[in-house]
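Residue numbers (this note's numbering): 562 to 716. A quick write-up on the structure given underneath.
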């Protein structure tokens with residue numbers, strides 16, 4: 562059984578690795594995968610996703626922490642999607658509008674953080690016309706699970 566204590570132990574065990582990975586990821590934009598948010602496939606110049614860390618969690622059978630750095634270019638409108646596990650999102654640069662389900666969108670700025678519950682359909686759209694929004698997303702997933710599931714897809 563997964564407990565809060567075991568989840569916190571897992572996060573503590575990966576904190577130093579994550580800090581090193583974030584620093585490296587912030588400077589290595591050339592290794593990022595590009596994703597077309599409309600089709601869920603790679604397309605240069607719209608959304609870049611850099612995997613920083615995939616770390617098995619001790620004491621949590623078949624679970625991993627996945628850390629990705631996401632960059633949304635100005636004008637990107639991500640379609641609704643969800644994640645199979647909880648996600649903790651930290652805004653590194655810029656600002657983003659986040660809408661979960663049918664709730665009103667909420668704006669998060671650099672230095673702020675928000676939580677996405679498992680299976681919560683949501684969308685993120687960058688704010689601002691001249692600079693992208695970059696955020697660090699930490700997800701807890703079953704090993705091998707999809708990182709992102711477009712709305713309407715089987716999960």
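All C-beta atoms in this analysis are idealised placements derived from N, C-alpha and C, irrespective of residue type, glycine included.
**Request:** Taking residue 641 as the reference, give the member of 713, 684 and 699 with the closest Cα.
**Result:** Counting from one through the chain shown, the residue named residue 641 turns up at place 80. Its Cα nearest to that of residue 641, the residue 684 stands out among 713, 684 and 699.
**Request:** Rank 705, 644 and 629 by C-alpha distance to the C-alpha of residue 609 and give the top, closest one.
**Result:** Counting from one through the chain shown, the residue named residue 609 turns up at place 48. Each of 705, 644 and 629 was checked against the Cα of residue 609, and the nearest Cα belongs to 629.
**Request:** Please go through the same chain and pick out, in chain order, the residues whose beta-carbon is closer than 6 angstroms to the beta-carbon of residue 615, but skip the five residues on each side of it.
**Result:** Here residue 615 refers to the residue found at position 54 when the chain shown is read from its first residue. 625 and 627.
**Request:** Please determine, among 649, 693, 679 and 692, the residue with the shortest C-alpha to C-alpha distance to residue 706.
**Result:** Here the question's residue 706 lines up with position 145 in the chain shown. Ranking the options by Cα distance to residue 706, first place goes to 679.
**Prompt:** Is DSSP giving residue 674 helix, strand or coil here?
**Reply:** Looking up residue 674 in the chain shown gives position 113. Residue state, collapsed to three classes: strand.
**Item:** Per-residue burial, residue 669 [other beta carbons within 10 Å of its own, 16 or more giving buried]
**Value:** Translated into the one-based positions of the chain shown, residue 669 becomes position 108. Label assigned to residue 669: buried.
**Coil, strand or helix - residue 709 by DSSP** = Here residue 709 is taken as the residue at index 148 of the chain shown, counted from 1. In this structure, residue 709 counts as coil in the three-state DSSP scheme.
**Request:** Note down the Cα distance separating residue 658 from residue 713, rounded to an integer number of angstroms.
**Result:** Within the chain shown, numbered from 1, the residue matching residue 658 stands at position 97. Within the chain shown, numbered from 1, the residue matching residue 713 stands at position 152. C-alpha separation (whole angstroms): 22 angstroms.
**Asked** So residue 647 and residue 677 are in contact, right, with Cβ under 8 angstroms, and what is the actual spacing, rounded?
**Response** Taking the chain shown and counting its residues from 1, the one referred to as residue 647 is at position 86. Taking the chain shown and counting its residues from 1, the one referred to as residue 677 is at position 116. About 7 angstroms; that satisfies the 8 angstroms criterion.
**Message:** Looking only at its chain, what residues have a beta carbon closer than 8 angstroms to the beta carbon of residue 662, apart from the 5 residues adjacent to it on each side?
**Reply:** Along the chain shown, read from residue 1 onward, the residue named residue 662 stands at position 101. Same-chain partners within the cutoff: 681, 682 and 683.
**Message:** By the DSSP assignment, the beta strand (DSSP E) with residue 654 in it spans what residues?
**Reply:** Reading the chain shown from its first residue, position 93 is the one you call residue 654. Counting along the chain, the beta strand (DSSP E) containing residue 654 begins and ends at 648-654.
**Asked** At a cut-off of 8 angstroms, is residue 660 close to the ligand FAD when judged by its beta-carbon and the heavy atoms of the ligand?
**Response** Because no ligand of any kind appears in the structure shown, any question about the ligand FAD cannot be addressed here.
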